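Everything below concerns the one structure shown next.
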Amino acid sequence: MLIYAMSVSVDGYIADRDGSFGWDPPSDELFAFHLARVRELGAYLCGRRLYETMLPWETDPSMRATELWTEFADVWCALPKIVFSRTLGSVQGNARLADSSVAEEIATTLAATGKDVEIGGATLAAQAIQLGLVDELRIFRIPIVVGGGTPYFPAVTEDIRLDLIETGTFDSRVIYERYRRAHPDSD
Numbered sequence: 001m002l003i004y005a006m007s008v009s010v011d012g013y014i015a016d017r018d019g020s021f022g023w024d025p026p027s028d029e030l031f032a033f034h035l036a037r038v039r040e041l042g043a044y045l046c047g048r049r050l051y052e053t054m055l056p057w058e059t060d061p062s063m064r065a066t067e068l069w070t071e072f073a074d075v076w077c078a079l080p081k082i083v084f085s086r087t088l089g090s091v092q093g094n095a096r097l098a099d100s101s102v103a104e105e106i107a108t109t110l111a112a113t114g115k116d117v118e119i120g121g122a123t124l125a126a127q128a129i130q131l132g133l134v135d136e137l138r139i140f141r142i143p144i145v146v147g148g149g150t151p152y153f154p155a156v157t158e159d160i161r162l163d164l165i166e167t168g169t170f171d172s173r174v175i176y177e178r179y180r181r182a183h184p185d186s187d
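Just so you know, the sequence shown maps onto residues 1 to 187 in the working numbering.
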């Protein structure tokens, strides 16, 4: 299953007008939830910006300041990552540069693991959504309105029917929404 998971503002943006997204660092409860979620993945597909944002978890010793952070860094380092970039010449750690189309890389990655695969980065995920390849959406809605920026969802030419399969609220007031693509016969 291909999953697209990101934190978003209440009005649906993963980054604000200035490209910032550090609105509210996750509480320990939410961070532990992310750790458990990432631990279940077989691979991660990401765009250049998300790869660069997450790279300190593999390279910066200060990212191991707490037991929880160390555990996340260990899980993140072990997770195979496929990076989509037109500008990077190389990547570090347990990552490789994509050398096929988005659809081909998704198919190859899903076939290579018996686990779920996550895709991240607005531009990359938009391509997968537009191709109809994303099976699940996991939204972590942060209680802030930013009024513009990078949207979580791309423009689509057809409605995408979804089934809400899980919700929750964390102590930090972040609301978790989990949707699965609805099957055509579930209307």
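For every residue, glycine included, the Cβ atom is placed at its ideal position computed from N, Cα and C.
Computed from a prediction, not measured in an experiment: that's the story for all the values here.
Can you check DSSP and say which residues form a bridge with residue i?
i, result
"Ala95", "Lys81"
"Tyr13", "Pro151"
"Lys177", "Sequence inspection shows Glu at residue 177; the Lys mentioned does not correspond to that position. Answer is Ile139, Thr167, bridged to Glu177."
"Leu45", "Ile82, Ile119"
"Leu162", "Arg181"
What does a CB cutoff of less than 8 angstroms around residue i pick up in its chain, not counting 5 residues either side in sequence?
i, result
"Asn94", "Glu58, Cys77, Ala78, Leu79, Pro80, Lys81"
"Val117", "Met1, Leu2, Ile3, Leu41, Gly42, Ala43, Tyr44, Leu45, Ile106, Thr109, Leu110"
"Leu35", "Leu68, Glu71, Phe72, Val75"
May I ask you to report which of helix, strand or coil DSSP gives residue i?
i, result
"Leu131", "coil"
"Met6", "strand"
"Leu55", "coil"
"Phe21", "coil"
Would you kindly report the start and end of the unbroken alpha helix (DSSP H) that includes residue i?
i, result
"Val102", "102-112"
"Leu208", "Residue 208 falls outside the range modelled here, since the chain spans only 1 to 187, and no answer is possible."
By Cβ distance, which residues of its chain are closer than 6 angstroms to residue i, with the 5 residues on each side in sequence left out?
i, result
"Arg178", "Arg138, Ile165, Glu166"
"Val163", "For the record, residue 163 in the displayed sequence is Asp; it is not Val. For Asp163, where only same-chain residues beyond five positions count, the Cβ hits under 6 angstroms are Arg180, Ala182."
Pick out whichever of the options has its Cα sitting closest to the Cα of residue i.
i, options, result
"Val91", "Glu71, Glu52, Thr123", "Glu52"
"Ile119", "Arg141, Gly19, Arg49", "Arg49"
"Ala98", "Phe84, Val156, Ala15, Val174", "Phe84"
"Gly245", "Leu88, Thr150, Pro184, Leu30", "This structure cannot speak to residue 245, because the chain is shown only from 1 to 187."
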